[in-house]
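Chains as they are written, first to last, in my numbering: chain W, 20 to 177; chain H, 1099 to 1261. The beta-carbon is built from N, C-alpha and C at its ideal position, and this holds for glycine as well. Following: one structure in structure tokens, then a few remarks.
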Amino acid sequence: MSLQQIWEWSYSSKTVDILRNAKYAIPLIQSFHLFGLTLVLGTTVIFNLRLLGLGVRKISVPVISSQLWRLAVGGLLVSITTGILVFIPDPARYAANTAFRTKLVILLAAILFHFTVFRKVVRAETPPAPRRAVMIAAVSLTLWFCVGWAGRAIAFLG
Amino acid sequence: MPFLSWCHWLQNTPFATGIRQSDLLFPLIEGSHIMALALSVGLILVFDLRLLRLAFAAEPVSRIMEQFVPLSLPGFAAMFITGLLLFIAQAEKVYQNTFFRFKLALLVLAGLNALFYQVKFYPKMAEWDKSGVVPRGARISGALSLIIWACVIALGRTMAYEL
């Protein structure tokens, strides 16, 4: 499906019309988008504080990941789903928005990193060497917080 | 109304005008207010989930509380400071916003709920924690906390939509 087709479908669909015109549909969907953000960013912060030895020291990294990994995945799914619902009613606006395009690229990188390198480290029985932990935390936190910042910037770039 | 005229004065101080009219400062403060969700609500919800046995069920409640709750305090401080700045910048409109008023009421409720836990369940935590059974009231308090914070986030998002 090309962007043009999405655009045409979006403006002819009655269902999408409801999303677009119901007064509080978009802020309600965006509220769920933020619930997802809270789960993804929140668990990411917890994992990284633990990897860096700055917090939650009495619980091991694999125990934390066995308990919180599914929260991160659940949060991500909620945010992606609600993100699509916000995009659909106004595809032309978002596709032209530099912050939105940037966000998608960083999001892709963040997901890739999270489900490869990061997943492996938080599941390993032996903790990473301190220098490696710092590097992983720096990449992880930078990527996810930039996704958030870029998302916030969408509204300010029109 | 005297409070409204005070809000009018407040948002017209050079400090408030400076924030409101800045192309960089306002989005930066607003963005920080949202990102601080991860450091505040994101941490407190782990404790709520433990009370409900939905996470870390094998760990004592006392350990989860001591490991996660203090970490959330800098996050809540960041929330409060950035929230206050956002209020100052648009005091008149924000004060008149119905969603904002509900949000404030729920924040008070969240505080009372936490206080209720501290007074009623924290003093005897060592006892019930050993038994492995979280008292009903403490579980309700955990569930309430999750619901209240979710509503606070939704009201925060919606109030901004109306400004």
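Give the C-beta separation of S98 of chain W and L56 of chain W to the nearest angstrom, bearing in mind that I take them to be a contact with Cβ-Cβ under 8 Å.
6 Å
My output table needs one value for S29 of chain W: the three-state DSSP class, helix, strand or coil.
helix
Let me know if K1201 of chain H comes out buried or exposed under the rule of 16 or more other beta-carbons within 10 Å of its beta-carbon.
buried
When we look at the beta-carbon of I1117 of chain H and count the other beta-carbons within 10 Å, is it buried (16 or more) or exposed?
buried
For L1207 of chain H, tell me which candidate among H:I1245, H:A1252, H:L1102 has the shortest Cα-Cα distance.
H:I1245
7 Å Cβ cut-off: residues of chain W touching I1245 of chain H
Residues of chain W passing the Cβ test: none, with the nearest at roughly 12 Å.
Can you check whether the C-beta of I1127 of chain H is within less than 8 Å of a C-beta belonging to chain W?
no
Measuring alpha carbon to alpha carbon, tell me which of W:I173, W:V59, W:E144, W:V92 ends up nearest A115 of chain W.
W:I173
State the CB to CB distance for the pair T101 of chain W and I45 of chain W, rounded to an integer number of angstroms; the pair is presumed to be in contact (CB under 8 Å).
The Cβ separation is near 10 Å, so there is no contact.
Quick check: what's the CA-CA separation for L1184 of chain H versus F1113 of chain H?
12 Å
CA nearest to the CA of K1218 of chain H, picked from H:G1235, H:A1187, H:Q1109
H:G1235
Other residues of its chain near L1149 of chain H: CB distance less than 6 Å, five sequence neighbours each side excluded:
V1232, A1236, R1237, G1240
Can you name the residues of chain H whose CB is closer than 8 Å to the CB of L187 of chain W?
The structure shown does not extend to residue 187 of chain W, since chain W is modelled only from 20 through 177, so no value can be given for it.
N40 of chain W, buried or exposed, once every other Cβ within 10 Å from all chains shown has been counted against 16:
exposed
Could you give the DSSP three-state label for S1170 of chain H: helix, strand or coil?
helix
Under 8 Å between C-beta atoms of R171 of chain W and P1100 of chain H:
no
Report, in whole angstroms, the separation of the C-beta atoms of L1253 of chain H and L1204 of chain H, which I expect to be a contact under 8 Å.
7 Å
Apart from the five residues on each side of it in sequence, which residues of its chain come closer than 7 Å, Cβ to Cβ, to R69 of chain W?
V75, V80, I83
Measure the beta-carbon distance from A1153 of chain H to Q86 of chain W and round it to whole angstroms, keeping in mind my assumption that it falls under 8 Å.
5 Å
What's the C-alpha gap between S1120 of chain H and N67 of chain W?
33 Å
Go to S98 of chain W, then tell me how far its alpha helix (DSSP H) extends in each direction, as first and last residue.
80 to 106
I need the straight-line Cα distance from P1158 of chain H to Q1216 of chain H, nearest angstrom please.
17 Å
Let me confirm a value: G1129 of chain H is counted as buried when at least 16 other C-beta atoms fall within 10 Å, else exposed. Which label applies?
buried
For W1058 of chain H and L1143 of chain H, which I take to be in contact (beta-carbon distance under 8 Å), what is that distance rounded to the nearest angstrom?
Limits of chain H in this structure are 1099 at one end and 1261 at the other, which puts residue 1058 of chain H out of reach.
L131 of chain W and L90 of chain W: beta carbons closer than 8 Å?
no
8 Å Cβ cut-off: residues of chain W touching I1251 of chain H
S50, L53, F54, T57
Which of the three DSSP states is assigned to E1157 of chain H in this structure?
coil
Less than 8 Å between CB atoms is the rule here; does G61 of chain W satisfy it with respect to chain H?
yes
DSSP three-state assignment for V1232 of chain H, whether helix, strand or coil:
coil
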